[in-house]
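**Student:** Sharing a structure with you now.
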Amino acid sequence: MMGMATSLTNLFNFGRPLPKPFDKLPSKKLKGVASKYGGVEATLCAPVIKAVHALCVCQNGGEGAVGQITSTLSVAEYKSSMGPDAYHLVVYDSGTGTLLASVYDRNTELMEQYTAHASARDGAALFFAMMPKLLEDEEFRENWKAYQEQFTNRFSDLPKATHTMAILCDNAYRRIKDSACPTHLKVNVDKSGNLMRVSRAQLDSGLYQPTEVLAGEFTIFTQSGKTAVHKPAKVIDHKDFVGKYVLDPSRKLNAMEQTLVPVLPEWYVIPQEAVDICKHAQLTTGKPTQMRNFLLRGPAGTGKTMGAKAIAAGLGLPYMKYTCSAGTEIFDFVGMVFPNTEGVSTGNAQLDQEREQLQAMGGVNYANVSNLLHLPDLDDMDYDPAGVYLALTGVENQAATPQDCMELVLEKVTEKVRQLSVSVEGETSSQTYTYVETDFIKALKNGYLVEIQEPSTILQPGVLVGLNSLLEQSGTITLPTGEVIRRHPDAVVVVTTNVSYEGCRGMNQSVVDRMSLVKDIELPSPEVMAQRVMAVTGAEDEYQVCQMVQVVNDLADYCRKNGITDGTVGMRSLIDWVTSAEISGDPYTAAMDTIISKATADEEDREALITSVLDPVFAPKRRKTA
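For the sequence shown, the working numbering gives the first residue as 260, with consecutive numbering after it.
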């Protein structure tokens with residue numbers, strides 16, 4: 260299994276403002292105060308303070324609870340300040356450092372993902388769940404007792420309370436950070452801050468019922484048995500969506516184009532975001548500013564590509580895609596050039612030499628020609644467009660933009676490709692090369708929908724800036740053939756990208772600015788997924804299907820968090836599982852041949868999925884009835 264580097268920034272969130280009574284202190288740092296585990300100064304940390312306060316509140320009969328299941332497994336119900344029914348549920352395994360967490364509404368019983376990040380949750384609930392292990396340390400325990408006294412006495416001696424809390428914060432920090440510390444605590448919170456969920460199904464199974472209560476009274480983890488299945492919101496009917504948002508009713512697609520219009524599978528749940536985008540595209544048609552560029556953001560597995568295909572189906576447009584990678588260059592979007600004159604002289608010794616150099620570099624293509632000419636790269640254009648413009652033209656232009664520079668570079672590269680493609684036979688010369696346009700260019704030229712997948716993986720953040728001229732409503736680009744491509748008025752660009760995951764960079768702001776709408780995509784609710792699966796499979800046990808939906812969602816979550824990427828987990832797997840369970844009458848066995856086998860080919864990873872996700876929900880029930 261892949262290990263995860265702990266992001267101390269996400270865990271401790273030192274940038275957060277301190278809660279009372281420390282909110283008026285001139286500094287978070289206390290010089291000359293430190294834990295016995297090292298250092299010369301301590302830093303007050305808001306999440307640790309809030310966790311300690313939560314423990315004090317529970318000790319005094321307030322809401323929330325923390326306890327243990329085993330010597331290494333602790334659980335917490337942290338009372339959130341976001342509402343009267345809002346709780347953060349956390350399970351902490353000190354043996355592995357694994358943290359599971361969910362945001363839970365006790366009224367609606369809805370559960371959301373917990374993200375510990377500077378822009379999301381502060382992580383106080385995580386430290387609250389760690390309290391049983393933190394208190395095993397003598398220094399932490401003694402200072403906790405002293406602080407509890409100050410808390411009860413309403414901080415009658417604030418300097419003493421501050422000193423004590425500083426040691427508690429420093430103790431937690433150094434024990435988590437230093438793996439060589441004799442009382443080291445393993446904690447896994449990566450850069451994304453996204454944690455595996457505590458699921459509804461796990462609560463129902465009673466898997467995380469505490470056996471020992473440290474403080475407070477548990478009201479959520481003690482629940483077990485079937486709970487009411489929430490009725491989903493209305494599902495959008497396919498016949499009310501597909502082809503209902505055509506941009507130009509007079510336009511007729513040819514037979515080839517018709518085959519490129521996506522056909523949505525019966526099980527697919529149309530997201531409201533797709534409907535909204537289709538409406539905006541249709542209702543702005545013919546207006547001075549048409550909405551034609553859209554961004555879909557969301558975690559992996561939320562169906563962003565299916566969302567892009569759904570938009571194409573709703574608009575009645577052919578669908579094409581361009582998948583980005585770390586090495587994607589601006590030239591890759593435009594197309595490839597293949598000279599047909601290999602071995603034939605151009606009639607120019609220097610050009611012949613350059614052609615040989617390019618062949619050694621991997622062939623005559625835009626990127627290699629640009630490198631041969633030592634033309635500025637996108638980073639240069641983004642950093643100093645005026646300087647790059649001067650270097651390319653010899654003309655000063657302080658108002659030059661990266662797009663201006665990119666157009667000049669493309670012109671120079673195109674001209675060089677043309678020169679290299681001239682062959683001399685006797686007294687005649689001709690340009691003989693093959694230009695292969697990309698699906699991106701085809702889509703823009705012919706008025707299709709094109710999905711740009713994962714531009715956040717591109718190492719050079721300025722690559723998409725080079726596309727800005729094409730993202731404009733009347734954008735143009737000159738191809739090596741001399742053809743000027745003008746964007747078709749019906750052409751729709753949908754950018755799909757993951758958010759907050761390692762390996763993904765932020766989108767360039769100038770590109771985001773050219774997006775008409777930015778939609779954040781989430782998974783359909785378990786109830787909606789269950790409804791659609793039941794309609795497709797004919798299954799009637801709504802509660803069991805809801806449990807199966809949750810297991811599939813948790814499997815996808817587990818795979819993402821642990822770098823398991825050699826398989827797939829999603830709606831198709833879920834449908835197969837439910838169908839197989841209906842035939843065999845045994846969801847546990849059916850899971851082995853459907854969702855588990857499809858998730859990964861690695862035996863160890865499959866065992867981990869069974870133990871961590873499947874067994875807690877279905878195995879106990881299977882053993883009882885065996």
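A virtual CB, placed ideally from N, CA and C, is assigned to each residue, including glycine.
Using 8 Å as the threshold, is the C-beta distance between Ala789 and Cys805 below it?
**Tutor:** Residue mapping note: residue 789 aligns to position 530 of the sequence shown, counting from 1. Residue mapping note: residue 805 aligns to position 546 of the sequence shown, counting from 1. Cβ distance < 8 Å, so Ala789 and Cys805 count as in contact.
**Student:** Taking all protein chains shown into account, decide if Leu284 is buried (16 or more other Cβ within 10 angstroms of its Cβ) or exposed.
**Tutor:** Looking up residue 284 in the sequence shown gives position 25. Exposed.
**Student:** Does the beta-carbon of Arg831 have 16 or more other beta-carbons within 10 angstroms, so that it is buried, or is it exposed?
**Tutor:** Looking up residue 831 in the sequence shown gives position 572. Exposed, since its Cβ has fewer than 16 Cβ neighbours within 10 Å.
**Student:** For Tyr642, count neighbouring Cβ atoms within 10 angstroms of its own Cβ and tell me buried if that reaches 16, exposed if not.
**Tutor:** For this step, residue 642 is matched to residue 383 along the sequence shown. So Tyr642 counts as exposed.
**Student:** Spatial neighbours of Thr652 within its chain, please: CB distance less than 8 Å, with the 5 preceding and 5 following residues excluded, ordered by chain position.
**Tutor:** By one-based count along the sequence shown, residue 652 stands at place 393. Closer than 8 Å at Cβ, skipping near neighbours: Leu667.
**Student:** Excluding sequence positions up to five away, which residues of its chain have a Cβ less than 6 Å from the Cβ of Val593?
**Tutor:** For the purposes of this step, residue 593 is taken as residue 334 along the sequence shown, with counting starting at 1. Taken in chain order, the list of residues that qualify is empty.
**Student:** Between the alpha carbons of Phe271 and Gly575, how many angstroms are there, rounded?
**Tutor:** As a first step, residue 271 is located in the sequence shown; it is residue number 12 there, counting from the start. As a first step, residue 575 is located in the sequence shown; it is residue number 316 there, counting from the start. Those two C-alpha atoms are separated by around 49 Å.
**Student:** Helix, strand or coil: which one does DSSP assign to Phe281?
**Tutor:** The residue labelled residue 281 in the question sits at position 22 within the sequence shown. Three-state result, Phe281: coil.
**Student:** Residues in its own chain within less than 7 Å of Pro469 by CB, not counting five upstream and five downstream?
**Tutor:** Position 210 of the sequence shown holds residue 469. Answer for Pro469: Gly326, Gln327, Ile328, Val334, Phe477, Phe480, listed in chain order.
**Student:** Would you please state the rounded distance, in angstroms, between the beta carbons of Asn447 and Leu358? I believe it to be under 8 Å.
**Tutor:** Taking the sequence shown and counting its residues from 1, the one referred to as residue 447 is at position 188. Taking the sequence shown and counting its residues from 1, the one referred to as residue 358 is at position 99. 6 Å between Cβ atoms; contact.
**Student:** In terms of residue numbering, what span does the alpha helix (DSSP H) encompassing Lys419 cover?
**Tutor:** Translated into the one-based positions of the sequence shown, residue 419 becomes position 160. Here the alpha helix (DSSP H) through Lys419 covers 417-436.
**Student:** Helix, strand or coil: how does DSSP classify Gln657 here?
**Tutor:** As a working mapping, residue 657 is identified with position 398 in the sequence shown. Here Gln657 sits in coil by DSSP.
**Student:** Which residue spans inside the region 445-480 form an unbroken beta strand (DSSP E) run of at least 3?
**Tutor:** Within the region 445-480, the complete beta strand (DSSP E) runs of at least 3 residues are 471-475.
**Student:** Name the two residues that bound the continuous alpha helix (DSSP H) containing His497.
**Tutor:** In the sequence shown, counting from the first residue as 1, residue 497 sits at position 238. No alpha helix (DSSP H) holds His497; DSSP gives it neither H nor E.
**Student:** Relative to the alpha-carbon of Trp919, which residue among Gln678, Ile700, Lys546, Pro783 has its alpha-carbon at the smallest distance?
**Tutor:** Residue 919 cannot be examined here, being either before or after the span of the chain that is shown, 260 to 885.
**Student:** Please work out which residues of its chain come closer than 7 Å, Cβ to Cβ, to Arg365, disregarding the five sequence neighbours upstream and downstream, and give them in chain order.
**Tutor:** Here the question's residue 365 lines up with position 106 in the sequence shown. Cβ neighbours of Arg365 beyond the five flanking positions: Asp344, Tyr346, Ile479.
**Student:** Using a Cβ-Cβ cut-off of 6 Å (strictly less than) and excluding sequence neighbours within five positions of Leu634, which residues of its own chain qualify?
**Tutor:** Position 375 of the sequence shown, counted from the start, is the residue given in the question as residue 634. Closer than 6 Å at Cβ, skipping near neighbours: Val668.
**Student:** Can you say whether Gln662 is buried or exposed, counting buried as having 16 or more other CB atoms within 10 angstroms of its CB?
**Tutor:** Looking up residue 662 in the sequence shown gives position 403. The residue is buried, with at least 16 neighbouring Cβ atoms inside 10 Å.
**Student:** Could you check what DSSP says for Asp381 in three-state terms: helix, strand or coil?
**Tutor:** Here residue 381 corresponds to residue number 122 of the sequence shown, with the count starting at 1. Three-state result, Asp381: coil.
**Student:** Check whether the region 313-323 and the region 439-458 touch, using three or more Cβ-Cβ pairs below 8 Å as the test.
**Tutor:** They do not touch, by the three-pair rule.
**Student:** Got a sec? Which residues, its chain only, sit under 6 Å from Ser843 by beta carbon, not counting five neighbours each side?
**Tutor:** In the sequence shown, counting from the first residue as 1, residue 843 sits at position 584. Contacts found: Ala849.
**Student:** Considering only C-alpha positions, which residue in the set Pro278, Ala305, Gly320 is nearest to Ala377?
**Tutor:** The residue given as residue 377 occupies position 118 in the sequence shown. Closest by alpha carbon: Ala305.
**Student:** Measuring straight from C-alpha to C-alpha, what distance separates Gly622 and Thr735?
**Tutor:** Locating residue 622 in the sequence shown gives position 363, where the first residue counts as 1. Locating residue 735 in the sequence shown gives position 476, where the first residue counts as 1. Spanning the two alpha carbons is a distance of roughly 27 Å.
**Student:** In or out: Lys392 buried (at least 16 other Cβ within 10 Å) or exposed?
**Tutor:** Along the sequence shown, one-based indexing puts residue 392 at 133. Classification for Lys392: buried.
**Student:** CB-CB under 6 Å to Phe410, same chain, minus the five flanking residues each way: which ones, in chain order?
**Tutor:** Sequence index remark: in the sequence shown, residue 410 carries index 151 (1-based). Here the set comprises Cys315.
**Student:** Look at the Cβ atom of Met966, then the Cβ atom of Leu267, and state whether they are nearer than 8 Å.
**Tutor:** Only positions 260 to 885 of the chain appear in this structure, which leaves residue 966 out of reach.
**Student:** Going by CA-CA distance only, name the one from Gln678, Gly822, Val828, Tyr296 that's closest to Ala858.
**Tutor:** Here residue 858 refers to the residue found at position 599 of the sequence shown. The shortest C-alpha separation from Ala858 is found at Val828.
**Student:** Going straight from the alpha carbon of Leu506 to that of Lys538, what length do you get?
**Tutor:** Here the question's residue 506 lines up with position 247 in the sequence shown. Here the question's residue 538 lines up with position 279 in the sequence shown. Those two C-alpha atoms are separated by around 10 Å.
**Student:** Cβ of Leu555 within 8 Å of Cβ of Lys778?
**Tutor:** As a position in the sequence shown, residue 555 is number 296, starting the count at 1. As a position in the sequence shown, residue 778 is number 519, starting the count at 1. Yes, Cβ-Cβ distance for Leu555 and Lys778 is below 8 Å.
**Student:** So, Glu231 versus Thr582, is the Cβ gap smaller than 8 Å?
**Tutor:** The first residue shown for the chain is 260 and the last is 885, placing residue 231 beyond what the model contains.
**Student:** Let me confirm a value: Asn453 is counted as buried when at least 16 other C-beta atoms fall within 10 Å, else exposed. Which label applies?
**Tutor:** Locating residue 453 in the sequence shown gives position 194, counting from the first residue. Buried: at least 16 other Cβ atoms inside 10 Å.
**Student:** Quick check on the DSSP output: the beta strand (DSSP E) that includes Arg556 runs from which residue to which?
**Tutor:** As a position in the sequence shown, residue 556 is number 297, starting the count at 1. Per DSSP, Arg556 belongs to the beta strand (DSSP E) from 552-556.
**Student:** Would you mind reading off the limits of the alpha helix (DSSP H) that contains Arg614?
**Tutor:** The sequence position of residue 614 within the sequence shown is 355, counting from 1. That run of the alpha helix (DSSP H) goes 608-620.
**Student:** State the DSSP-derived secondary structure class of Thr859, mapped to helix, strand or coil.
**Tutor:** As a first step, residue 859 must be located in the sequence shown, where it is residue number 600. Coil at Thr859, not helix or strand.
**Student:** Identify every residue that forms a DSSP beta bridge with Ser361.
**Tutor:** Along the sequence shown, read from residue 1 onward, the residue named residue 361 stands at position 102. Ser361 pairs with Leu348, Gln372.
**Student:** What number of angstroms, rounded off, separates the C-alpha of Ala324 from the C-alpha of Glu863?
**Tutor:** As a first step, residue 324 is located in the sequence shown; it is residue number 65 there, counting from the start. As a first step, residue 863 is located in the sequence shown; it is residue number 604 there, counting from the start. If I take the Cα positions, the gap works out to 35 Å.
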